[in-house]
Amino acid sequence: MGNHRADREELNRLIEEYKQIMADYMDSVFRANSVRIGAQELLAKRGFSPPHIAVVEEGDIYGDLQAIHRFWDGMVTADSTAKADFSAAQTGLSALDSALNAFTNGLGQNGENLATLNVEQLKQAIFEDKSLITSLLIKMESGEALNYGERELLYQYIQSEVLDEATIDEIKEIESMISNEGVEALQARLNDKVLVSKEALDQEIAMLQAYLYLGNNGPRDHFGSREQAEKAERARAYLALLTQYKTAILDLETEAKTGGVDIPFLAKVDHLSYKRNVDPHIHTFETELTLNISQYAGDMTREEFLNMEYPVLVRINESTVNYYIGGNAVNSLEAEEYAELMKERASYTVNFIGEEIQQLVLGELSKRVGGVVNIADVVTRHETGKQELENQLTINEAKVTAGNLGMELLISKRNVYGENQYTVEVQPTDVTYSILERWKEVKAIDPTIEYPDEAIQNQDWQTVSESLRGSSDGSTRIYPSLQEYIASGEIHEEDTVEELVEKNKRYNNEKE
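Under my numbering, the letters of the sequence shown match residues 354 to 865, in that order.
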């Protein structure tokens with residue numbers, strides 16, 4: 354595109370004009386339930402042809418406007434960081450060129466199509482853009498965290514192109530299999546459908562990753578209701594269980610390659626239990642996965658393997674998943690019995706987008722644009738190799754992050770050669786997003802208040818937690834009472850938010 358900044362400013366101007374038109378139009382709708390001519394005349398004065406406009410409900414107008422803004426904001430955000438983020442891959446402007454063209458075409462010359470802009474058609478035009486979607490996948494593949502705009506675009510793509518009604522129905526059926534009454538049906542599904550091949554396991558993981566991917570949303574916004582968000586907790590615990598299975602399979606594969614042998618894939622779940630505790634609120638899975646370790650098992654059928662009562666030349670992997678749920682989830686870990694667990698070191702994952710969902714998105718994109726889409730065809734890998742997003746920290750450090758930000762905590766344990774290996778994840782809740790909203794509120798009152806915008810945009814929750822409550826050395830620039838308001842919404846009767854902000858200023862002046 355020519356002068357990209359000018360194009361963007363013009364589009365922003367048109368959107369602001371559209372916003373004002375819709376606001377004026379909405380006022381007319383309220384007054385025109387019986388006589389609808391007023392709204393048509395108002396738009397005609399603005400230079401829009403009345404025949405294009407039909408009186409619509411308030412929700413339709415604001416729904417369209419919100420969708421347009423979300424997509425535009427997503428593209429602008431991605432564009433503003435594209436050169437830095439994709440410097441080793443390709444220029445951001447070329448990656449976003451056709452998407453922006455779709456947007457300008459949708460608006461029309463001088464905004465003539467604003468009143469009839471079809472958001473769904475705009476989405477489809479954007480999703481036709483192979484370079485845009487593969488650029489997101491390139492960044493995911495390199496191990497970098499997506500920024501706000503990129504997460505929004507990926508989220509919309511998954512919702513529109515990957516998740517269909519049949520997939521969602523299948524996941525809800527899985528959720529119904531998980532209860533305190535028993536998980537026999539889930540164990541049967543694992544043995545009869547999921548563990549029949551490594552590809553089938555990846556497909557199950559990818560399906561759940563897509564369903565559970567929140568993008569920039571809180572759980573209730575994403576799932577539509579608190580009830581459905583609570584059901585999805587079971588699916589997230591099940592996903593962690595599948596991840597443990599895959600880790601065990603990959604470990605065995607690595608060992609076999611090191612030894613120069615080829616081991617036929619045969620796996621089954623010999624034990625699976627589930628319990629939902631109410632006090633404290635925990636979803637718990639316990640399982641035993643049996644893996645073939647014989648290179649001579651190629652003639653054995655899967656049915657024979659499943660029916661073996663006393664298997665030999667197998668490896669048994671024991672795993673436990675504990676998912677501490679709710680905004681106060683970590684309170685249950687304060688008991689003395691967890692003291693030793695808190696000292697354990699765990700793999701901490703800050704990016705919840707796995708390679709399985711990447712392959713699923715690639716598959717859907719291949720159907721849309723025709724032919725096979727391969728990331729390697731678009732860009733050469735960075736010479737430095739894949740950047741790992743996992744680091745090691747104690748479970749207590751993850752617990753502190755979760756506690757400070759009202760997050761849920763998922764701890765998986767796997768027994769490997771008599772030693773326990775831990776993986777820990779933190780998951781934002783609606784409480785987390787309420788904390789961020791209050792933080793933005795006080796930031797608006799006093800722009801000098803510390804607010805880790807970049808860390809929030811990148812969902813770097815450990816940094817966000819330290820900014821709010823202080824790092825390990827106890828240092829923080831936020832006044833304790835203001836911290837408490839941001840974290841819990843609680844405020845003393847004699848205080849106001851504005852007064853707390855003033856106290857915060859004095860607090861920091863005294864420290865300097």
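Note that the Cβ used here is the ideal one computed from N, Cα and C, for glycine as well.
As an exercise, report each continuous alpha helix (DSSP H) stretch of at least 4 residues that is fully enclosed by the stretch 604-680, in chain order. Contiguous alpha helix (DSSP H) elements confined to the stretch 604-680 occur at 655-660, taking only those with 4 or more residues.
Let me know if F857 comes out buried or exposed under the rule of 16 or more other beta-carbons within 10 Å of its beta-carbon. Looking at the sequence provided, one finds Asn at residue 857 rather than Phe. Residue burial annotation: N857 is buried, with at least 16 other C-beta atoms found within 10 angstroms of its C-beta.
Tell me the DSSP secondary structure of Y775 in three-state form. Strand.
Count the C-beta pairs between the stretch 605-616 and the stretch 636-654 that are closer than 8 Å, then say yes if the count reaches three, no if not. Flag = yes, the stretch 605-616 and the stretch 636-654 touch.
Assign R830 to one of three DSSP states: helix, strand, or coil. The answer is coil: DSSP assigns R830 none of H, G, I, E or B.
Name the DSSP bridge partner or partners of V769? DSSP links V769 through a beta bridge to E772.
Name the DSSP bridge partner or partners of I602? The partner list for I602 (beta bridge, DSSP) is empty, contrary to what the question assumes.
Taking the alpha-carbon positions, what's the F683 to N570 distance? Reading off the sequence, residue 683 comes out as Val, not Phe. The straight-line gap separating the alpha-carbon atoms of V683 and N570 is approximately 22 Å.
Under a Cβ-count criterion, where at least 16 other Cβ atoms within 10 Å of its own Cβ denotes burial, should E518 be classed as buried or exposed? Counting C-beta atoms within 10 angstroms of its own C-beta, E518 has fewer than 16 neighbours from the protein chains shown and is therefore classed as exposed.
E526 - DSSP class collapsed to helix/strand/coil: E526: helix per DSSP, three-state reduction.
Buried/exposed call for R822, threshold 16 Cβ in 10 Å: Per the 10 Å Cβ criterion, buried.
Please list the terminal residues of the continuous alpha helix (DSSP H) segment that includes E537. Unbroken alpha helix (DSSP H) run through E537: 537-542.
When we look at the beta-carbon of E534 and count the other beta-carbons within 10 Å, is it buried (16 or more) or exposed? Exposure of E534 is indicated by the presence of fewer than 16 other C-beta atoms within 10 angstroms of its C-beta.
May I ask you to report which of helix, strand or coil DSSP gives L592? It is helical.
Is the number of C-beta pairs between the stretch 498-509 and the stretch 551-562 that are closer than 8 Å three or more? With a cut-off of 8 Å, the stretch 551-562 and the stretch 498-509 do not count as touching, because too few Cβ pairs lie within range.
Could you give the C-beta distance for E761 and Q780, rounded to a whole number, given that I count them as a contact under 8 Å? Contact between E761 and Q780 holds: their C-beta atoms lie close to 4 Å from each other, under 8 Å.
Does the distance from the C-beta atom of L539 to that of M530 stay below 8 Å? The criterion of a C-beta distance shorter than 8 Å is satisfied by L539 and M530.
Give the straight-line distance between the Cα atoms of Q810 and I521, rounded to the nearest whole angstrom. When rounded, the distance between both Cα atoms is 28 Å.
Is the beta carbon of I646 less than 8 Å from the beta carbon of L603? I646 is not a Cβ neighbour of L603, given a cutoff of 8 Å.
DSSP-derived helix/strand/coil call for L548: L548 falls in the coil class under three-state DSSP.
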